[in-house]
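S.K.:
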Amino acid sequence: MSQSRGRESSAEHALRLSAQNTRSSQLHERQSSAERSQRLAENRVRNSQTRARESSAERSQRLIAQNTRSSQLHERQSSAERSQRLAENRVRNSQTRARESSAERSQRLIAQNTRSSQLHERQSSAERSQRLAENRVRNSQTRARESSAERSQRLIAQNTRSSQLHERQSSAERSQRLAENRVRNSQTRARESSAERSQRLIAQNTRSSQLHERQSSAERSQRLAENRVRNSQTRARESSAERSQRLIAQRERQHSLTIRTRNRVLAHSNRSAFSYDPQIDYAHQNSIQIGAMNKVCPRCCAKKWNDEANGMCCASGKVILPNITEPPEPIKSLLTNNHTLSAHFFNNARRYNSLFQMTSFGAKEIREGNFMPTFKVEGQVYHLIGSLLPPAGQNPQFLQIYFISEADQLSLRANMAPTLKIDLINELQTVLNSHNIYVRSFKHSIELNNPESLKLIIHSDRTPQTEHQGRYNAPSINEVAVLLVDEDKGPRDIVLHGRDGQLKRVSELHRAYDPLQYPLIYPKYDNLEEKHWRSRLLALLQLY
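If you want it as C-alpha cells, here you go:
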C-alpha cells in the first residue's frame, strides 16, 4: 500500500482522501452513541501514543498541517456553522477550565500568553491595526453591558494584574514601558482640544486629591521621597536654557508669595476687599471695624454693611433678579438637605453638574505649573457648544449625550465619573430628560426633521410672535429653538446644526448662557427666567 500511494498523483491522492472522508462520515453516522464514545476514546489513546513518539520537527510539521486544515475548514463554514462552532468551543472550554487545577490554569495562561506573543510578532502592521480596532469595539460593547459592580470588579482585577506585571518587570523593561507611555500620552495630548484638556486636568486633579487623602503617613512620605528623586533626575537632564526658565518661574512664584506674606497684616488697607487673601483671618484683625451686616435694601432686601452705597445691589430697583423656580425632585431635596445623599451631592456638586452640562468651558490661555496639581486661567473665559449629534465615528459629548438611549447615557456618564453614585446620576438624568425645556425642544426637533440638514436657532432675546412686546409667556417646546430657514439672526444668537462637528461660542449676554452650562441650577428654565431676562441683561451689561 505504501508503494501504491507513493506512485499516485496529486489528483489521485486528493480523490482517495475525499472518498475516504465520505466513507468515514457515513460510518460515523451509523454508529451508536456507545460506539462513538469508544471510537473517540481509542482515537485519543492512539493520538497520545503517536504524539509521544514524534520528534520536535514532526510535531511542528503536524501542527502547521493541522492549522492549515482548520483554516481551510473555517473558510468554508457558513455564518450559522461558524456561530455553532464558536458556541460549542465556549461550552467545551468552560467545562475544561472548571476541571483544571490552579497549577494547570497557571500553565495554560503562560502557554496562551506565549502563543499570543508569537502570533503578534508575526502580524503585519495592517493586521495589528485591524486586531487592535476589533479589540476596541469588542471591549466597548462589553463595558457598555457591564453593571456598576462588574465595572468595579474589573477595574480592581485590572489594577491587580498591572501591579503584578510591573513588579515582575526588569529595570530595562520598566524604563521602556514608561518611555512608551510618555510618547503615547504626548501624542494623545497633542490631539486634544482646549475643552478636552481642561476636562482632563480637572479629572486628574480630582483623582490625585482623592488618592492623597487615602494615603497613610508612610505612603505620603514615600510619595514625597519619590517625587524628590524624580525631580532631581529631571533637573539633571534639563539643559541650561530649561534650567534658567525654571528658575525664573520659581523666583516669580516665590516673589509673589513673599509679597503676600509681607502685606498680610496690612491686607485690610488699600481696597483689600478687591484682593481677598484666604490665608488671612480677617475676623481677628483689630483694625478692621465694619460692623454687622444689618443694613437691608428696601427694594431687593439685600443685606449690606453700613458704609456700602445704596444702589450697589440692584441699581436702586432698576435690576430685578427673581428667585429661581422651585426645582423638581430629587434636586429640591438634595439642595435643601432633605435627601440621604445631600452631603455627598454638596461635596461633588460641580462634578455632577459637569456630567449634564450642555456647553464646554474654555479660556484664551491655560498654564500648567511644573509640579503643581493646579492650572491657571488667564484672559477671558468662555463657553462653547457643539452640534446636536457627533460626527460619524466620534463619541457623544456634552449636549450630544442627551440624544442617545437612556441606558447608554447612564453608562457613559458613570464611566466619566466612576466615584459618583450611579443611582443618583440616573435620578438626575431622568429629571433633566423629563423637565429641561432645551433637551425636550432639541429632541422634538430631531424626531421631526432630518438630523443631517437640521439647523436650529436659539434667539438671544426673543418675544413669542403671538404675544405683545410687554408680555412674556412660558416658552413652548418649539419656541425655545426654532427652525432656521434663511431668516436673519442676531449677533448673539446660537445656531445649532444637526451634525457638523463645529464648536460655537455662546455669548455671555445670551439668555441660555447659564442654563446650558448649569442644568442642575436651571433644571426647568421656564417662564420665570424668560420674563425677567431684560433685567438680568441689564445687570450683566453693568458688569461688562
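All the letters of the sequence shown, read from the start, carry residue numbers 1 to 544 under UniProt numbering.
Glycine included, C-beta positions come from ideal geometry on N, C-alpha and C.
1) Note down the Cα distance separating residue 545 from Q204, rounded to an integer number of angstroms.
2) Return the CA-CA distance between S354 and A149, expressed in angstroms with no decimal places.
3) Could you spell out the range, first to last residue, of the alpha helix (DSSP H) harbouring I331?
4) Within a Cβ cutoff of 6 Å, which residues of the same chain sit near N139, ignoring the five residues on either side of it in sequence?
5) For M312, count the other beta carbons within 10 Å of its own beta carbon; 16 or more makes it buried, fewer makes it exposed. Which is it?
6) Indicate the three-state DSSP secondary structure (helix, strand or coil) for K443 in the structure shown.
7) Using the Cβ count rule (16 or more neighbours within 10 Å means buried), how would you classify G317?
8) If I measure Cβ to Cβ from L516 and keep anything under 8 Å in the same chain, skipping five residues before and after, which residues do I get?
9) Measuring alpha carbon to alpha carbon, tell me which of P327, T142, A302 ends up nearest V319.
10) Could you pull the DSSP bridge partners for H383 from this structure?
11) Taking DSSP as the reference, what is the three-state secondary structure of V431?
12) Taking the alpha-carbon positions, what's the S60 to S117 distance?
13) Which residues does DSSP list as the beta-bridge partners of I458?
14) Which ranges does the alpha helix (DSSP H) cover as unbroken runs of at least 4 residues, wholly within the region 149-214, from first to last along the chain?
15) Give me the Cα-Cα distance between L224 and I458, rounded to the nearest whole angstrom.
16) Consult DSSP for V296 and reduce its assignment to one of helix, strand or coil.
17) If we ignore side chains and look at the alpha-carbon of each, how far apart do E104 and Y518 end up?
18) What's the gap between the Cα of R69 and the Cα of L456?
19) Which first and last residues belong to the alpha helix (DSSP H) in which F356 is found?
20) Out of A98, N67, E173, P327, state which residue places its alpha-carbon closest to the alpha-carbon of L119.
21) What are the residues that DSSP puts in a beta bridge with K303?
22) Check whether the Cβ atoms of G291 and S387 lie closer than 8 Å to each other.
23) What residue range does the alpha helix (DSSP H) around M416 cover?
24) For R511, name the three-state secondary structure that DSSP assigns.
25) With a threshold of 7 Å on Cβ separation, who are the neighbours of R99 within its own chain once the five nearest residues in sequence on each side are excluded?
26) Measure the C-alpha to C-alpha separation of I331 and L424 and round it to an integer number of angstroms.
27) Ordered along the chain, which non-local residues of its own chain (more than five positions away) have a Cβ less than 6 Å from that of P327?
28) Which stretch, first to last residue, makes up the alpha helix (DSSP H) that contains Q26?
29) Report the three-state DSSP secondary structure of N323 (helix, strand or coil).
30) So, for R299: in the same chain, excluding its five sequence neighbours on each side, which residues have a beta-carbon less than 6 Å away from its beta-carbon?
31) Distance check for S94 and S79, CA to CA, integer angstroms please.
32) Can you tell me whether R156 is buried or exposed, with buried defined as 16 or more other CB within 10 angstroms of its CB?
33) Determine, using beta carbons only, whether S445 and L454 come nearer to each other than 8 Å.
34) Buried or exposed for F346, going by 16 or more other Cβ atoms inside 10 Å?
35) If you measure between the beta carbons of R351 and L420, is that distance less than 8 Å?
M.R.: Taking the structure as given:
1) Nothing about residue 545 can be reported from this structure: the residues present for the chain run from 1 to 544 only.
2) 23 Å
3) 331-335
4) none
5) exposed
6) helix
7) exposed
8) Here the set comprises Q357, M358, T359, H383, I385, L399, Y438, V506.
9) Nearest option by C-alpha distance: A302.
10) F361, V506
11) Secondary structure at V431: helix, using DSSP grouped into helix, strand and coil.
12) 18 Å
13) I458 is bridged by DSSP to I494.
14) 171-191, 194-214
15) 51 Å
16) Strand, per DSSP.
17) 56 Å
18) 59 Å
19) Here the alpha helix (DSSP H) through F356 covers 349-356.
20) Sorting A98, N67, E173, P327 by C-alpha distance to the C-alpha of L119 places N67 at the top.
21) By DSSP's assignment, K303 forms a beta bridge with V296.
22) no
23) 406-416
24) coil
25) Counting only Cβ-Cβ distances below 7 Å, and skipping sequence neighbours, we find nothing.
26) 10 Å
27) P523
28) 10-30
29) Coil, per DSSP.
30) Excluding positions up to five away in sequence, the list reads C314, G317.
31) 23 Å
32) Sequence check: residue 156 is Ile here, not Arg. Classification of I156: exposed, given that the 10 Å Cβ count is below 16.
33) yes
34) F346 counts as exposed, since fewer than 16 other beta carbons sit within 10 angstroms of its beta carbon.
35) yes
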